[in-house]
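>
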Amino acid sequence: MTITEPQTAGDDSGNQAGPTEFDLLMESVRAEFDTQFTWDYERGRDGLNRLYEKAKRSQWNVSDDLDWSTPVDPERMIRLQAEATGIPAGMPARSLLDVKGSPVASWDEDQWVEFALHSQAASLSQFLHGEQGALLCTARLVESVPWIEAKYYGATQVVDEARHVEAFARYLDEKMPTTYPINENLKTLLDTVLRDERWDLVYLGMQVVIEGLALAAFGLMLGTTQEPLLKKMLRYVMADEARHVAFGILSLQEIYDDLPAADFRERQEFAYEACDMMRRRTLNAELWPRFGIENAEIEALLPRQSSQQALQRLLFSKIVPNCKKLGLLDHRDGWLRERFQEMGVIQYEDWENTAEALTIGDAVEPIFADPTTDRPSPNDD
Amino acid sequence: MTTTEPMPGEQTVDGEFDFRAYANDPDRISDFSVFNDDVTTLIHTVEDNADAIFTWGYGKGERASLDKLYEKAKTSQWNGQTDLDWSTDVDPYAVLAPANPEEVAYFAENPRSPLHKLTDDEWADLGVESMNWSLSQFMHGEQGALLCTAKIVETVPWIDAKYYAATQVVDEARHVEVFAQYLDQKLDGIKYPVNTHLGTLLDDILQDSRWDMTYLGMQIMVEGLALAAFGFMHQTTEEPLLKKLLRYVMSDEARHVAFGVLTLQEVYQELTVAELRERQEFAFEAALRMRDRFMRQEVWERMGVDVKEMVQFTLAMPDDLRLFQRLLFSKIVPNCKKLGLLDAGDGWLRDRFTDIGVIQFEDWVDTGEEYADLDEVAKDREMAEG
Numbered sequence: 021m022t023i024t025e026p027q028t029a030g031d032d033s034g035n036q037a038g039p040t041e042f043d044l045l046m047e048s049v050r051a052e053f054d055t056q057f058t059w060d061y062e063r064g065r066d067g068l069n070r071l072y073e074k075a076k077r078s079q080w081n082v083s084d085d086l087d088w089s090t091p092v093d094p095e096r097m098i099r100l101q102a103e104a105t106g107i108p109a110g111m112p113a114r115s116l117l118d119v120k121g122s123p124v125a126s127w128d129e130d131q132w133v134e135f136a137l138h139s140q141a142a143s144l145s146q147f148l149h150g151e152q153g154a155l156l157c158t159a160r161l162v163e164s165v166p167w168i169e170a171k172y173y174g175a176t177q178v179v180d181e182a183r184h185v186e187a188f189a190r191y192l193d194e195k196m197p198t199t200y201p202i203n204e205n206l207k208t209l210l211d212t213v214l215r216d217e218r219w220d221l222v223y224l225g226m227q228v229v230i231e232g233l234a235l236a237a238f239g240l241m242l243g244t245t246q247e248p249l250l251k252k253m254l255r256y257v258m259a260d261e262a263r264h265v266a267f268g269i270l271s272l273q274e275i276y277d278d279l280p281a282a283d284f285r286e287r288q289e290f291a292y293e294a295c296d297m298m299r300r301r302t303l304n305a306e307l308w309p310r311f312g313i314e315n316a317e318i319e320a321l322l323p324r325q326s327s328q329q330a331l332q333r334l335l336f337s338k339i340v341p342n343c344k345k346l347g348l349l350d351h352r353d354g355w356l357r358e359r360f361q362e363m364g365v366i367q368y369e370d371w372e373n374t375a376e377a378l379t380i381g382d383a384v385e386p387i388f389a390d391p392t393t394d395r396p397s398p399n400d401d
Numbered sequence: 128m129t130t131t132e133p134m135p136g137e138q139t140v141d142g143e144f145d146f147r148a149y150a151n152d153p154d155r156i157s158d159f160s161v162f163n164d165d166v167t168t169l170i171h172t173v174e175d176n177a178d179a180i181f182t183w184g185y186g187k188g189e190r191a192s193l194d195k196l197y198e199k200a201k202t203s204q205w206n207g208q209t210d211l212d213w214s215t216d217v218d219p220y221a222v223l224a225p226a227n228p229e230e231v232a233y234f235a236e237n238p239r240s241p242l243h244k245l246t247d248d249e250w251a252d253l254g255v256e257s258m259n260w261s262l263s264q265f266m267h268g269e270q271g272a273l274l275c276t277a278k279i280v281e282t283v284p285w286i287d288a289k290y291y292a293a294t295q296v297v298d299e300a301r302h303v304e305v306f307a308q309y310l311d312q313k314l315d316g317i318k319y320p321v322n323t324h325l326g327t328l329l330d331d332i333l334q335d336s337r338w339d340m341t342y343l344g345m346q347i348m349v350e351g352l353a354l355a356a357f358g359f360m361h362q363t364t365e366e367p368l369l370k371k372l373l374r375y376v377m378s379d380e381a382r383h384v385a386f387g388v389l390t391l392q393e394v395y396q397e398l399t400v401a402e403l404r405e406r407q408e409f410a411f412e413a414a415l416r417m418r419d420r421f422m423r424q425e426v427w428e429r430m431g432v433d434v435k436e437m438v439q440f441t442l443a444m445p446d447d448l449r450l451f452q453r454l455l456f457s458k459i460v461p462n463c464k465k466l467g468l469l470d471a472g473d474g475w476l477r478d479r480f481t482d483i484g485v486i487q488f489e490d491w492v493d494t495g496e497e498y499a500d501l502d503e504v505a506k507d508r509e510m511a512e513g
């Protein structure tokens with residue numbers, strides 16, 4: 021197993037803000053893999069063909085399809101959200117108020133609004149960096165997957181991911197107070213996926229784990245924000261993401277069908293370690309130092325913090341059913357099922373599966389069917 | 128790239144390497160068995176040696192010309208299934224391969240020509256084979272472009288270039304799709320594996336760890352030649368489906384070459400003379416292989432014509448008949464000039480392009496500027512909206 025620990029000195033929580041490499045504008049990852057040409061141009065994989073045709077018709081344009089003239093007052097956005105959802109600004113971190121000895125015990129409402137705003141910016145920043153990782157990983161897939169249908173579909177995903185980076189970067193730049201650097205755990209996972217020479221692990225790491233997490237996280241934000249531009253942007257991004265996860269499932273099902281047991285176990289371990297790495301991110305780790313509080317102080321309080329854990333668990337609501345669908349959960353005495361039980365996320369195993377949703381019906385249309393929005397017009401004239 | 132090693136071949140008396148003799152060495156050109164030694168293999172693997180680059184500078188539009196190209200690409204997408212009329216009936220014998228009448232006469236009427244004794248039926252078959260061969264090579268080349276462009280997305284450090292390159296990845300997938308479908312549905316299938324000269328060039332481009340070499344090899348050389356070849360075929364064929372397919376593919380290709388020109392202009396400003404010389408040698412070797420691939424050796428072999436004789440006879444063709452072969456370079460040469468590659472150092476590449484007789488294109492329009500004029504997709508849509 022090749023997932024290495026992030027190199028942060030003196031903690032085992034896997035995360036620390038502090039000085040980062042954000043000022044260095046470039047970071048390179050040594051990639052060791054093979055590019056594969058296929059001379060078999062026959063399009064025989066129906067599921068992937070349909071996904072490709074679907075993707076062609078579902079393209080949208082960040083510059084035209086979103087109304088960037090929408091004024092966004094960040095503080096008002098946070099207050100409206102709290103009003104509409106009935107959840108006070110700064111939750112779930114705000115529940116630390118009640119914990120004895122909490123460093124935030126004296127915070128007033130304004131501070132929590134400020135904190136919530138930065139929390140939103142930090143989440144959007146991780147979406148942004150994660151999308152760039154997805155852009156690079158998907159380009160890798162186009163190069164290394166040996167099936168023509170997967171190369172075709174993967175190409176549409178490359179342009180989807182570029183669009184997502186563009187959208188999040190623009191939102192952060194024009195509407196939010198700041199952009200946060202990439203989370204160490206996320207970066208470590210992306211590097212691990214990019215470094216692996218086995219192309220099916222790029223699928224598993226990127227399409228199933230990272231995209232699965234993203235889909236759940238976007239859904240959570242979509243469910244709470246009242247800001248119309250952000251709402252529409254997330255809805256459009258999620259429509260694309262649903263295809264991306266389906267791409268992973270459809271491809272991996274075929275590969276896993278005749279994978280030797282030992283190789284299968286490696287995939288289980290990879291899935292577990294990728295999930296574990298993402299789970300061990302401390303929520304808001306980028307934020308606390310900015311508000312004058314050490315992450316260690318917060319982490320000491322976390323085991324008693326059930327609402328934070330509930331939120332973390334919810335992020336796995338897409339990954340677990342997809343792992344089940346792939347047979348990863350119950351293979352070899354259910355090793356991965358046990359791990360997911362320990363993580364407290366096994367209850368999601370029967371949640372709606374992305375691949376089925378997309379190939380049977382159309383997961384994309386209902387998202388666009390919202391009366392307040394128009395589906396981007398297809399360029400099929 | 129093989130150009131970093133000493134080139135085998137002829138030395139002149141004063142010890143200077145004779146590039147003209149090297150370029151026209153029929154033994155070198157006809158040795159095409161190396162790449163496709165097993166045509167039954169369905170997967171061809173190339174080691175990728177490049178690092179993936181994350182950039183944390185997300186400022187879109189810092190490079191205004193690339194940003195403009197990205198926005199253009201977003202609105203010029205088309206769909207290989209719905210924008211082309213696949214119900215069109217195609218008679219393979221009526222789909223003419225690009226041919227220059229004087230060139231045909233050279234091969235048909237000269238008693239020393241290996242094609243001298245061909246019957247009318249055989250000439251017709253040759254036309255069909257050549258068309259299938261050309262489109263098969265276009266298709267394989269487009270797959271190479273798909274892989275190279277995915278590599279550029281990973282390796283280029285600028286966000287504007289990553290954005291634009293992403294649109295090109297989906298363009299290239301569409302091109303593979305439409306050429307494969309045309310061959311499959313209209314022309315009796317894909318009959319030719321990738322040509323050795325093209326295949327080894329694609330491998331070299333993919334293996335190189337320097338990201339600007341991917342641009343030079345793919346965006347300037349391979350795509351530049353494709354743009355010219357598509358243009359020639361588009362002018363000569365009367366088949367409406369193929370004509371429209373080529374018109375649409377070309378409007379994408381023009382953006383692709385522009386992407387290469389706009390990017391490399393910036394990169395090359397920072398390079399030393401020695402580094403530029405490496406690029407010049409790479410460009411020349413690529414140009415040679417692109418020219419050599421149009422010798423159509425696989426077609427001669429299939430037609431039962433002696434390949435080496437045919438190569439020799441082709442090389443002996445009078446200069447004024449080489450219309451098609453020359454026109455292939457009508458985009459590459461001005462683009463190399465625009466990049467400063469022709470005259471960098473002591474004008475090494477100018478000398479080489481003079482050696483292979485294509486320098487006269489240097490002042491033709493370069494693709495950094497003409498891509499907007501070539502957007503046929505936009506023109507059709509404007510007309511439809513009337």
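Residue numbers (our numbering), protein chains in the order written: chain A, 21 to 401; chain B, 128 to 513.
All C-beta atoms, glycine included, are put in the ideal place defined by N, C-alpha and C.
Spell out whether any CB of chain C is found under 7 Å from the CB atom of Gln131 (chain A).
Among the protein chains of the structure shown, namely A and B, there is no chain C.
> Using only alpha-carbon positions, find the residue among A:Gln140, A:Leu348 and A:Tyr172 that is nearest to Met97 (chain A).
If we check each option's Cα against that of Met97 (chain A), A:Gln140 comes out closest.
> Against chain B, does Lys74 (chain A) count as a neighbour if the rule is that its beta carbon must be under 7 Å from one of theirs?
No - not a single Cβ of chain B is within 7 Å of the one on Lys74 (chain A).
> Please determine if the segment 54 to 74 of chain A and the segment 197 to 210 of chain A are in contact, where contact requires at least 3 C-beta pairs separated by less than 8 Å.
Touching, no, given that fewer than three Cβ pairs across the two stretches are closer than 8 Å.
> How would you write the range of the beta strand (DSSP E) that Thr55 (chain A) sits in, first residue to last?
That run of the beta strand (DSSP E) goes Phe53 to Thr58.
> How many Å lie between Asp315 (chain B) and Glu365 (chain B) at the Cα?
So the two alpha carbons sit approximately 19 Å from each other.
> Along the segment 306 to 327 of chain B, where does the CB come closer than 7 Å to a CB of chain A? Name the residues.
Per Cβ criterion, the list reads Ala307, Ile317 and Pro320.
> Chain A partners of His383 (chain B), CB-CB under 9 Å?
The contacting residues do not exist; His383 (chain B) stays about 14 Å from chain A at best.
> Using three-state DSSP, classify Phe144 (chain B) as helix, strand or coil.
Phe144 (chain B) falls in the strand class under three-state DSSP.
> In this structure, does DSSP put Ala232 (chain B) in helix, strand or coil?
Helix.
> Please classify Ile170 (chain B) as buried or exposed, where buried requires at least 16 neighbouring CB atoms within 10 angstroms.
By the neighbour-count rule (16 or more Cβ atoms within 10 Å), Ile170 (chain B) is not buried but exposed.
> Using a C-beta to C-beta distance shorter than 7 Å, which residues of chain B count as neighbours of Leu45 (chain A)?
Per Cβ cutoff of 7 Å: Thr182, Trp183 and Gly184.
> With three or more beta-carbon pairs closer than 8 Å as the criterion, would you say the segment 141 to 152 of chain A touches the segment 256 to 265 of chain B?
These segments do not touch.
> Taking the runs of the alpha helix (DSSP H) that are 4 residues or longer, which of them lie wholly in the segment 193 to 273 of chain A?
Here the runs fully enclosed are 204 to 215, 219 to 222 and 231 to 244.
> Note down, in chain order, every chain A residue with its Cβ under 9 Å from the Cβ of Met284 (chain B).
Checking the displayed sequence, the identity of residue 284 (chain B) turns out to be Pro instead of Met. Within chain A, the residues near Pro284 (chain B) are Leu45, Met46 and Ser48.
> For Ile366 (chain A), does the three-state DSSP call read helix, strand or coil?
Ile366 (chain A): helix per DSSP, three-state reduction.
> Using a Cβ-Cβ cut-off of 7 Å (strictly less than) and excluding sequence neighbours within five positions of Asp482 (chain B), which residues of its own chain qualify?
Only Phe146, Arg147 and Ala150 meet the Cβ criterion.
> Quick one: which chain B residues come within Cβ less than 8 Å of Asp51 (chain A)?
According to the sequence shown, residue 51 (chain A) is Ala rather than Asp. The answer, in chain order, is Asp175, Ala177, Asp178, Ala179 and Glu281.
> So who's on the other strand from Ile180 (chain B), going by DSSP bridges?
Its beta-bridge partners are A:Ser48.
> Return the first residue and the last residue of the alpha helix (DSSP H) that Val394 (chain B) is part of.
Residues Pro367 to Tyr395.
> Residues of chain B with CB under 8 Å from Arg190 (chain A), in chain order?
Going along chain B in sequence order, the residues near Arg190 (chain A) (Cβ under 8 Å) are Lys187.
> Kindly list the residues whose CB is nearer than 7 Å to the CB of Glu489 (chain B), restricted to its own chain and excluding five residues on each side of it in sequence; keep chain order.
Result list for Glu489 (chain B): Val460, Pro461, Lys464 and Leu469, in chain order.
> Does chain B have any CB closer than 7 Å to the CB of Tyr292 (chain A)?
Tyr292 (chain A) does not count as touching chain B.
> Roughly how many angstroms lie between the CA atoms of Tyr233 (chain B) and Met444 (chain B), to the nearest whole one?
Between Tyr233 (chain B) and Met444 (chain B), the C-alpha separation is close to 8 Å.
> Check the Cβ of Ser83 (chain A) against every Cβ in chain B and list those closer than 7 Å, keeping chain order.
By Cβ distance, chain B contributes Glu198.
> Measuring CB to CB, does Thr294 (chain B) end up less than 7 Å from Ala177 (chain B)?
Against a cut-off of 7 Å, the Cβ pair of Ala177 (chain B) and Thr294 (chain B) comes out as no contact.
> Shortest alpha-carbon distance to Ser257 (chain B) belongs to which of B:Asp473, B:Leu193 and B:Arg420?
Ranking the options by Cα distance to Ser257 (chain B), first place goes to B:Arg420.
> His171 (chain B) bridges to which residues according to DSSP?
Answer is A:Phe57, bridged to His171 (chain B).
> When you compare each of B:Gly431, B:His383, B:Val297 and B:Pro241 to Thr341 (chain B) by their alpha carbons, which one comes out closest?
Selected option, being the one with the closest Cα: B:His383.
> Which of the residues in the segment 148 to 173 of chain A, read from start to end, lie with their CB under 9 Å from any CB of chain B?
Against chain B - using a Cβ distance shorter than 9 Å - the residues of the segment 148 to 173 of chain A are Leu148, His149, Gln152, Gly153, Leu155, Leu156, Cys157, Thr158, Ala159, Arg160, Leu161, Val162, Glu163, Ser164, Pro166, Ile168, Lys171, Tyr172 and Tyr173.
> With DSSP as the reference, label Met97 (chain A) as helix, strand or coil.
Note: Met97 (chain A) maps to helix in three-state DSSP.
> Output needed for Lys370 (chain B): all residues of its chain with C-beta closer than 7 Å, excluding positions within five of it in sequence on either side, in chain order.
His361 and Thr364, listed in sequence order.
> Does the beta carbon of Val222 (chain A) sit closer than 7 Å to a beta carbon anywhere in chain B?
It does not: the Cβ of Val222 (chain A) has no partner Cβ on chain B nearer than 7 Å.
> List the residues of chain A that Gln270 (chain B) touches, going by C-beta distances under 7 Å, in chain order.
Those within 7 Å of Gln270 (chain B) in chain A are Phe57.
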